[in-house]
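Asker: Residue numbers (the UniProt record's numbering): 1 to 986.
We put the beta carbon where it would ideally sit given N, CA and C, even for glycine.
Note that this is a predicted model, so its numbers are computed, not measured.
The structure under discussion is supplied below as structure tokens; questions concerning it will follow.
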């Protein structure tokens, strides 16, 4: 009934329907753009963290605890200082053994527990070095990596002259003087470059004055001094700090240390080979420009600078990677426009109607506007990651696919029917089912990503799924009036004068179908084998690997910013933490927290909404049992092989420090004012609650007045509430571990298991008030790795199950549904294997692409499956396969061609996300087309159901869910109603 009314209204009022849809769509597009701020991509890595996992909840709680411990937070670390700032007078009563009440004097503002203070060593300020440089090189300055083109390396006269000329060209740029750091004479500081240091070492005013002899002398000096650098005799600021053991020639102006530490790569004069024969292949040049977005004008005016014969510029770090990414992300959108133009030309050629093509493109972009409105207003989602832009390409491909199907059906039924309404009705009936199945399956596959624990993937899944559904709904409402208007307006269609080419395409299609039927056995074996081999490549070898870099790559690997991050950043000593010195390696912290529950009550769809802390109501640190457990815990922890403690560390475990403090004498004969009972050695541990509470404030204050060489204030220790009588609300124990931070998943997993298993065993014997403790460390990247590996496979399984459900509900044929899902699975595995073979790793973008594989792969197979199902019942399986191929081969081929072409243009972008999505679209379209046409076509021709085999009807389907008693009641009720009608007629 609805279809008839809709067809009638569309046939009679097509312009009105288009006007209504246009108004609604534009309103949905304009309202968010005007009332809400547009998406901001200045931080492209925002949302690339886990939320909701056990580790993520602990990490989020730890971040909230850090915020709560700040000055504006809900906790205070030094309650005595807090109360003094609030102008409180602290009064207390000294407990006595006979429990008689005695007044005590006001607790003194400072504790007598103090360590001898030492004078801090001042680091030399950034001053001019012998009137040559402004201070010393620093990683915060703009950096340029230069590589030698010659076999002689960079440490020769020609290369030094070339680097000097390169430097001069850079400092004469128009924006340089306004950005450079000035000396005391208000002139731009000199760049820290190898030629300039050679000039300084040879008492020359600039690098333009150096000679070949100067270069040789400087190299010999470096060869002589390199051993002293490697054994740490040569240190920074040796000229002022008097490095004993190093020759004077090595400490002069700190030139040798700065060259070896900042300028030259690791391969130059290594520890095991400090001979003069070692070549310098890469060198670093530091410009006196602060790494920031302010350097953008200078970078945009940056020339190629690679016309020199001896050197080439290969890597940069200007501190504007994210800002440049946002700019190029918008700039490279023209590649999408090129893909859209190709889509227009291809669709226009296939449909032979420029009007239909233009209206289809409008509908696709209007659907994106509606989707964005639903995303921001209906779902109330504030965060819009840049990954959501990839849904634009996906929607264009799916929208074009739907348009090709609708156009083919319309032309067929319009040619066989005289009435416009009848032709439109039949077109809608078949197009609705075909487009509904593909759209529902694709959107369900995207929505399955909502179950991911990564915010960016959740947001992409929601937006992409909404865009697909919106595109389907708008297409079903937009395309019918479009074809009616096309019929009414003369000149909307054109007759292609390429009859021979059309005949060639028809002959090619017929030949292809005949080949599929004739070689069905061979094709099925070949593609089934390919699917099996693909599963081996994905899950066994080389398999889909986890990311091994915690820096998210924004540009193509050849971009100079990425060259620095991926390759050359760690090729210089100043970025190396592993210099044969274990103390310099960053050790993973051991953090044990009590008093706050590891919960994340924030919005998982908004990376900036971390929620609030949830206090552990059972936590009580004042009981003797809690004190004794914590003291033993700290002692036992330090004896574990994974715990590392060097020297005196007063703040790591407050309970241990507190007990040691109360072991002091109660009085001092030489000082009559020294009177400490009960906070002294007369009180036995564990302390009574009132004694512990009385001595607590002074002990904490004593720690915070301790010199920094013994106590560095951090998050470890008790955290007090901001109240008139502050109480301990949280407690943190923190030590360094013996494990270094690593990107290796198995290594970090072993660290987590070792520590957490030990900690859980300790909690078994903890008093009830301390059983809520938990352990956390720097597991951000590790949890991301684990989530990517687990959630991606879960999303694939969920999507395939939902795809099977949608396909079965549409066809109600279990055999056809199973065949379709089997081919789709092989297609997905083959696509993933192709991505693995070209070097993809399972990072955020790759995980989104794999989620998209499911949505994009199903389309072609579903079109063929649905058409096979709705073939006439009298046809044999081969005839039904031929009929399905004839109806779908043209549209799916055009859809594959246009979508892969749109992806091909994206490959030329310098943005890695665009480049990878372009590769992905090309691969997924080609693979899914091959498997849908050849694999599924041969499978249906071999074993497709005949004579309603495996076919269910809706009545039979409902009978499986309705009890026999209910059916009997309904049948008897129906019989009574029919008898009553007969009596009335009589």
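(1) Between residue 233 and residue 245, how many whole angstroms is the CB-CB distance? I'm expecting something under 8 Å.
(2) Looking only at DSSP bridge pairs, what is residue 347 linked to?
(3) Give me the Cα-Cα distance between residue 373 and residue 43, rounded to the nearest whole angstrom.
(4) Closest by CA to residue 54, which one among 786, 505, 165 and 269?
(5) Identify, in the order they occur along the chain, each residue of the same chain with its Cβ nearer than 6 Å to the Cβ of residue 833, setting aside the five sequence neighbours on each side.
(6) Got a sec? Which residues, its chain only, sit under 7 Å from residue 456 by beta carbon, not counting five neighbours each side?
(7) By a C-beta neighbour count over all protein chains shown, 10 Å radius and 16 as the cutoff for buried, is residue 542 buried or exposed?
(8) Leaving out five residues before and five after residue 358 in sequence, what residues of the same chain have Cβ atoms less than 8 Å from its Cβ?
(9) Can you check the stretch 523-604 for any alpha helix (DSSP H) of at least 4 residues that lies completely inside it and give the ranges in chain order?
(10) Just how far apart, CA to CA, sit residue 38 and residue 524?
(11) Using a threshold of 7 Å, state whether the C-beta atoms of residue 11 and residue 420 are closer than that.
(12) Where in the stretch 125-172 do unbroken runs of the beta strand (DSSP E), each at least 3 residues long, occur, reported from the N-terminal end onward?
(13) For my contact list, residue 280 and residue 155 are in at a C-beta cut-off of 8 Å; report their separation, rounded to the angstrom.
(14) Spatial neighbours of residue 271 within its chain, please: C-beta separation below 7 Å, excluding the five flanking residues on both sides.
(15) Pop quiz: residue 547 and residue 752 are said to be a contact at Cβ under 8 Å. What is the actual Cβ separation, rounded to whole angstroms?
(16) So, with DSSP's three-state summary, where would you put residue 989?
(17) What's the gap between the Cα of residue 336 and the Cα of residue 14?
(18) By the 10 Å Cβ neighbour count, where 16 or more other Cβ atoms means buried, how is residue 193 classified, buried or exposed?
(19) Can you check whether the CB of residue 906 is closer than 7 Å to the CB of residue 923?
(20) CB-CB under 6 Å to residue 604, same chain, minus the five flanking residues each way: which ones, in chain order?
(21) Let me check understanding here. Comparing Cα to Cα, which of 857, 30, 812 and 939 lies closest to residue 446?
(22) Would you call residue 725 buried or exposed, if buried means 16 or more other Cβ atoms sit within 10 Å of its Cβ?
(23) What ranges does the alpha helix (DSSP H) occupy inside the stretch 796-841, keeping only unbroken runs of at least 4 residues that lie completely in it?
(24) At what residues does the beta strand (DSSP E) containing residue 282 begin and finish?
(25) Could you check what DSSP says for residue 734 in three-state terms: helix, strand or coil?
(26) Using DSSP bridges, identify the partner residues of residue 313.
(27) From which residue to which residue does the beta strand (DSSP E) around residue 719 run?
(28) Just grab the DSSP bridge partners of residue 265 for me.
(29) Does DSSP put residue 745 in a helix, in a strand, or in coil?
(30) Over what stretch of residues does the beta strand (DSSP E) that includes residue 934 continue unbroken?
(31) Spell out a yes or no on whether the stretch 892-900 and the stretch 397-404 are touching, meaning 3 or more CB-CB pairs, one atom from each, closer than 8 Å.
(32) Helix, strand or coil for residue 472? Go by DSSP, reduced to three states.
(33) Could you check where the beta strand (DSSP E) with residue 192 kicks off and where it finishes?
(34) Once DSSP output is grouped into helix, strand and coil, what is the label at residue 76?
(35) Start and end of the beta strand (DSSP E) containing residue 775?
(36) Is the Cβ-Cβ distance between residue 705 and residue 642 less than 7 Å?
Answerer: According to the data block:
(1) 4 Å
(2) BP columns for residue 347 are empty, so no partner.
(3) 23 Å
(4) 786
(5) 534, 537 and 538
(6) 47, 48, 385, 387 and 844
(7) exposed
(8) 344
(9) 560-566
(10) 50 Å
(11) yes
(12) 141-148
(13) 4 Å
(14) 230
(15) Contact doesn't hold; Cβ gap of about 18 Å is too wide.
(16) There is no way to answer for residue 989, as the model of the chain reaches only from 1 to 986.
(17) 31 Å
(18) buried
(19) no
(20) 51 and 52
(21) 857
(22) exposed
(23) 814-837
(24) 282-290
(25) strand
(26) 146
(27) 717-721
(28) 572
(29) helix
(30) Unbroken run through residue 934: none, as it is neither H nor E.
(31) yes
(32) helix
(33) Residue 192 -> no beta strand (DSSP E), and no H or E assigned at all.
(34) strand
(35) 774-776
(36) no
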